[in-house]
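Written out below as structure tokens is the structure these notes cover.
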Amino acid sequence: MNIEYNYGFLDENTKRMLRRGLLKAVAIPGYQVPFGSREMPLPYGWGTGGIQVTASIIGEADTLKVIDQGADDTTNAVNIRRFFGRVAQVQTTEKTGEATVIQTRHRIPETALQAGQVVVFQVPEPEPLRTLESSEVETRQLHAHQEYGLMHVKLYEDIARYGHIATSYDYPVMVNGRYLTSPSPIPKFDNPKLHQSPALLLFGAGREKRLYAIPPYTDVESLAFDDHPFDVQTWDSHCALCGSTESYLDEIITDDAGSRMFVCSDTDYCATHQQEAKQ
Amino acid sequence: MMLLPQFDKPVHDAQRTFRIVLSALAEPLAPLALPVLPPAPQGLLPGTAAVLLTLLDQEVSLFSANLPADTNDWLRFHTGVRLADTVADGDFVLVRDGETVPQLASLKAGEAAYPDRSATVIIETARFGTDQVEGCGPGFAAPRRFGASALSAAFWADWWINHARFPLGVDLLLVSADAVAGLPRTTQVTEI
Amino acid sequence: MYVAVKGGETAILNSYELLAADRRGDQDTPELTLAQIKGQMRLALARVMQEGSLYDEDLAALALKQASGDVTEAVFLLRAFRTTLPRLGYSLPLDTAAMRVRRRVSGTFKDVPGGQVLGPTPDYTQRLLDFGLTGSDSAPSPTLAEQPLPERLPCVLDVLGSEGLIEPERPADGDPAPKDLTREPLMFPADRATRLQNLARGDEGYLLGLAYSTQRGYAESHPFAGEIRMGEVAVTVCPEELGFEIEIGEVTLTECQMINQFAGSRTAPPQFTRGYGLSFGEGERKAMAMALVDRSLRAAELGEDVHAPAQQQEFVLYHTDNVEASGFVQHLKLPHYVDFQAELSLIRTLRKQFDAQQGDEA
Numbered sequence: 090m091n092i093e094y095n096y097g098f099l100d101e102n103t104k105r106m107l108r109r110g111l112l113k114a115v116a117i118p119g120y121q122v123p124f125g126s127r128e129m130p131l132p133y134g135w136g137t138g139g140i141q142v143t144a145s146i147i148g149e150a151d152t153l154k155v156i157d158q159g160a161d162d163t164t165n166a167v168n169i170r171r172f173f174g175r176v177a178q179v180q181t182t183e184k185t186g187e188a189t190v191i192q193t194r195h196r197i198p199e200t201a202l203q204a205g206q207v208v209v210f211q212v213p214e215p216e217p218l219r220t221l222e223s224s225e226v227e228t229r230q231l232h233a234h235q236e237y238g239l240m241h242v243k244l245y246e247d248i249a250r251y252g253h254i255a256t257s258y259d260y261p262v263m264v265n266g267r268y269l270t271s272p273s274p275i276p277k278f279d280n281p282k283l284h285q286s287p288a289l290l291l292f293g294a295g296r297e298k299r300l301y302a303i304p305p306y307t308d309v310e311s312l313a314f315d316d317h318p319f320d321v322q323t324w325d326s327h328c329a330l331c332g333s334t335e336s337y338l339d340e341i342i343t344d345d346a347g348s349r350m351f352v353c354s355d356t357d358y359c360a361t362h363q364q365e366a367k368q
Numbered sequence: 006m007m008l009l010p011q012f013d014k015p016v017h018d019a020q021r022t023f024r025i026v027l028s029a030l031a032e033p034l035a036p037l038a039l040p041v042l043p044p045a046p047q048g049l050l051p052g053t054a055a056v057l058l059t060l061l062d063q064e065v066s067l068f069s070a071n072l073p074a075d076t077n078d079w080l081r082f083h084t085g086v087r088l089a090d091t092v093a094d095g096d097f098v099l100v101r102d103g104e105t106v107p108q109l110a111s112l113k114a115g116e117a118a119y120p121d122r123s124a125t126v127i128i129e130t131a132r133f134g135t136d137q138v139e140g141c142g143p144g145f146a147a148p149r150r151f152g153a154s155a156l157s158a159a160f161w162a163d164w165w166i167n168h169a170r171f172p173l174g175v176d177l178l179l180v181s182a183d184a185v186a187g188l189p190r191t192t193q194v195t196e197i
Numbered sequence: 013m014y015v016a017v018k019g020g021e022t023a024i025l026n027s028y029e030l031l032a033a034d035r036r037g038d039q040d041t042p043e044l045t046l047a048q049i050k051g052q053m054r055l056a057l058a059r060v061m062q063e064g065s066l067y068d069e070d071l072a073a074l075a076l077k078q079a080s081g082d083v084t085e086a087v088f089l090l091r092a093f094r095t096t097l098p099r100l101g102y103s104l105p106l107d108t109a110a111m112r113v114r115r116r117v118s119g120t121f122k123d124v125p126g127g128q129v130l131g132p133t134p135d136y137t138q139r140l141l142d143f144g145l146t147g148s149d150s151a152p153s154p155t156l157a158e159q160p161l162p163e164r165l166p167c168v169l170d171v172l173g174s175e176g177l178i179e180p181e182r183p184a185d186g187d188p189a190p191k192d193l194t195r196e197p198l199m200f201p202a203d204r205a206t207r208l209q210n211l212a213r214g215d216e217g218y219l220l221g222l223a224y225s226t227q228r229g230y231a232e233s234h235p236f237a238g239e240i241r242m243g244e245v246a247v248t249v250c251p252e253e254l255g256f257e258i259e260i261g262e263v264t265l266t267e268c269q270m271i272n273q274f275a276g277s278r279t280a281p282p283q284f285t286r287g288y289g290l291s292f293g294e295g296e297r298k299a300m301a302m303a304l305v306d307r308s309l310r311a312a313e314l315g316e317d318v319h320a321p322a323q324q325q326e327f328v329l330y331h332t333d334n335v336e337a338s339g340f341v342q343h344l345k346l347p348h349y350v351d352f353q354a355e356l357s358l359i360r361t362l363r364k365q366f367d368a369q370q371g372d373e374a
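Protein chains in written order, with this note's numbering: chain A, 90 to 368; chain B, 6 to 197; chain C, 13 to 374.
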């Protein structure tokens, strides 16, 4: 028994449902649109939302890049890229600049995004208020009334206790001055890249069955207080491979004695930098 | 009689059209050429036919006043779309070239908790221009000028009300014979 | 010098081969056939079909074989296949009153019209390992009743219904078409049809635990097993273009009608209330657990105090799905280097502050 799947795996009805949802997501930046998430042949929590969004937009003219933790060669990124190679016959690339669609988990590439590109984020928990209020009925009301006091109190308590905000990733943002939004679990280092991005940013949460979007050139503000402005991670060292002092660094443990080094999490950026250094 | 066909390659043509519609809404008031133009049934522009085939199916409803019967059959056959009885019920509202744009406040605008449950209005226009308004908001790197022959000064006054209801409101797709421009509820306009 | 790890794709392909070899096991032992799984692992098959929401014994057997007997993984495989199937139409509601019954018991009446029918149950076996099954030559020949059961066994709860002592079973206002949770997201508040659909797809172990909690004081439950019946039910469709009903096959179902005491409220008289469970195949444990949880989820609409986990819609319904749960729990094994790095530097900062404070105080 051999089954031939539709282009992009999803059937056309499902794609249309997703596409209509994406249009509303773009029209209401940062608002979570419920959608009829389908069961994908990859596990929930492994990118099913991102995969469905990508499957609904991708076509033969696209060039796809898939990253996980900034890297093109982590197993889950490889697996998702293989999936689209199999069901959508698209060209794939590791070069950020060459991609028309970039599906990502946990990072925004270091190389500046361009107008016309679409970034698809895999989102485990789309609701930024979920850890503060477990009920979906309640959080929907909070968004409806733009009632975000809970989050401000939480951040303020951090400051009172630690002297600064103790959220290092999935750091909440206000989109277009209206909706409190999860940027997905990217490090807060990447948050500034969301603001006035020339690329269209789409977010898919498969298990939680929500879509949302940040259109190009949209204001995205990381929450902060006047006396405690938003700041991002910095490192004392530089990338051991390419020497970059501007990229997000992963810590690598190199021996049993706990020796460590730092390298770029963005493998394409790092490789390009190394190449340039050689020339 | 024979119905006109739909897209030549339904899967790929709909995908290409959707990407243009998505870009049009993401960067409003910048008309983009539609990549595939199916044969248009009576009373519809080819661009409109492409957009309708891309977005409609049996899960949504369309309101259109006085659609010719053949065109109606064509739509129902190819998309399965349900026809809404009143303009207030339509998930999609089609305003053909020459028809009056309904008061936007009379359309589905969503609810506070679900502003996405709102209408998308497809308005046909003979021409695009740059002579009516200047827009800004999400999707604008810089303010952009825009005009459409189907839209009047009264419409732009009505748009102001629609924009002011955010996050409630409706979103527009303006379609010519071969191009589409988006006007999401976030777009703020000033007349020029 | 450090070189970043490459070759993820090769590693993945190699893992496929190892998995296939481990699935096959010792090649001197004959390979399992789908017919064997279908014929001799029927309860595992029923659970895969039930939680996989697809009644197809051959595909369920294939999924079980592919998953090396891991029921949750088999459910996942079946669901991922199911999602690609076009919806050609919807069947008419199944009539379980017309079930060709193979088992029917009631815990509420000593004798019921049509009698208690034990059928193929393990309930009264002594749970001693049967070493007679270690071989491969068992050939049981059961004694069958001389008289077949009547075609329609009356429903036990109708007896109470005729006295007005149990709430009548009425469709919701306007009898709306039920939502299809495989096509639409679960939204709250969820109506009973939607809740039952969610519970029917839910993990048996999870529902069992929740149901058990209602019996241990985490909800007012007082349940009785009014009737449990198992057997075959015809599936009929009525295509719009034909305009008449056609029987397209039959499915094995287990249905449980639970009866619960209800002291009454300001608007409703004291009476018995219902909890309902339905499962593909022989799924008695699942159907009973489902019926208990269905009843506890009705607390709010019956005006009861909502305080226990099994009474809270969002808590219960958001966590029933084992494909969702398994994926999300296990996604923690995916790389989280980036977030972990962010947390690491945060903890280092906080630790430095803490140590400095301790130093000051000392």
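Yeah, the Cβ is synthetic: ideal placement off N, Cα and C, and Gly gets one too.
Only a predicted model underlies this, so the values are computations on that prediction, with no experimental measurement involved.
Using the Cα positions of residue i and residue j, report the straight-line distance between them to the nearest angstrom.
| i | j | result |
| --- | --- | --- |
| residue 192 (chain A) | residue 188 (chain C) | 39 angstroms |
| residue 173 (chain A) | residue 287 (chain A) | 25 angstroms |
| residue 341 (chain C) | residue 134 (chain A) | 8 angstroms |
| residue 159 (chain B) | residue 169 (chain B) | 16 angstroms |
| residue 55 (chain C) | residue 293 (chain C) | 7 angstroms |
| residue 354 (chain C) | residue 146 (chain B) | 32 angstroms |
| residue 209 (chain C) | residue 259 (chain A) | 33 angstroms |
| residue 196 (chain A) | residue 354 (chain A) | 9 angstroms |
| residue 224 (chain C) | residue 324 (chain C) | 15 angstroms |
| residue 223 (chain B) | residue 314 (chain A) | This structure cannot speak to residue 223 (chain B), because chain B is shown only from 6 to 197. |
| residue 268 (chain C) | residue 62 (chain B) | 39 angstroms |
| residue 130 (chain B) | residue 165 (chain B) | 20 angstroms |
| residue 67 (chain C) | residue 263 (chain C) | 8 angstroms |
| residue 60 (chain C) | residue 104 (chain C) | 23 angstroms |
| residue 160 (chain A) | residue 124 (chain A) | 29 angstroms |
| residue 94 (chain B) | residue 357 (chain A) | 50 angstroms |
Please list, in chain order, the chain D residues whose beta carbon lies closer than 8 angstroms to that of residue i.
| i | result |
| --- | --- |
| residue 41 (chain B) | Among the chains of the structure shown, chain D does not appear; the protein chains present are A, B and C. |
For residue i, count neighbouring Cβ atoms within 10 angstroms of its own Cβ and tell me buried if that reaches 16, exposed if not.
| i | result |
| --- | --- |
| residue 30 (chain C) | exposed |
| residue 270 (chain C) | buried |
| residue 127 (chain C) | exposed |
| residue 342 (chain A) | exposed |
| residue 334 (chain C) | buried |
| residue 135 (chain B) | exposed |
| residue 100 (chain C) | exposed |
| residue 250 (chain C) | exposed |
Report all residues from its chain with a CB closer than 8 angstroms to the CB of residue i; omit the five preceding and five following residues, and keep chain order.
| i | result |
| --- | --- |
| residue 121 (chain B) | 115 |
| residue 240 (chain A) | 217, 218, 221, 261, 269 and 312 |
| residue 21 (chain B) | 40 and 41 |
Quick one: residues in its chain with C-beta nearer than 6 angstroms to the C-beta of residue i, no 5 flanking neighbours on either side, listed in chain order?
| i | result |
| --- | --- |
| residue 236 (chain C) | 119, 120 and 271 |
| residue 80 (chain C) | 35 |
| residue 226 (chain C) | 233, 304, 308 and 322 |
The beta strand (DSSP E) with residue i in it runs from where to where?
| i | result |
| --- | --- |
| residue 67 (chain B) | 66-69 |
| residue 127 (chain B) | 125-129 |
| residue 308 (chain A) | From DSSP, residue 308 (chain A) is part of no beta strand (DSSP E); its letter is neither H nor E. |
| residue 265 (chain A) | Per DSSP, residue 265 (chain A) belongs to no beta strand (DSSP E) and is neither H nor E. |
| residue 290 (chain A) | 289-294 |
| residue 139 (chain B) | 133-141 |
| residue 112 (chain C) | 112-117 |
| residue 193 (chain A) | 190-194 |
| residue 196 (chain C) | Counting along the chain, residue 196 (chain C) falls outside any beta strand (DSSP E), and DSSP gives it neither H nor E. |
Which stretch, first to last residue, makes up the alpha helix (DSSP H) that contains residue i?
| i | result |
| --- | --- |
| residue 359 (chain A) | 356-367 |
| residue 227 (chain A) | 225-233 |
Considering only residues of the same chain and omitting the five flanking positions on each side of residue i, which have a CB-CB separation below 7 angstroms?
| i | result |
| --- | --- |
| residue 144 (chain B) | 31, 32 and 33 |
3-residue-minimum beta strand (DSSP E) runs that sit fully inside the segment 221-304 of chain C, ordered along the chain: For the segment 221-304 of chain C, whole beta strand (DSSP E) runs of length 3 or above, ordered along the chain, are 235-249, 258-274 and 283-292.
Quick one: which unbroken beta strand (DSSP E) runs of 3-plus residues sit fully inside the segment 81-145 of chain C? Chain order, please. Counting whole runs of 3 or more residues, the segment 81-145 of chain C contains the beta strand (DSSP E) stretches 112-117.
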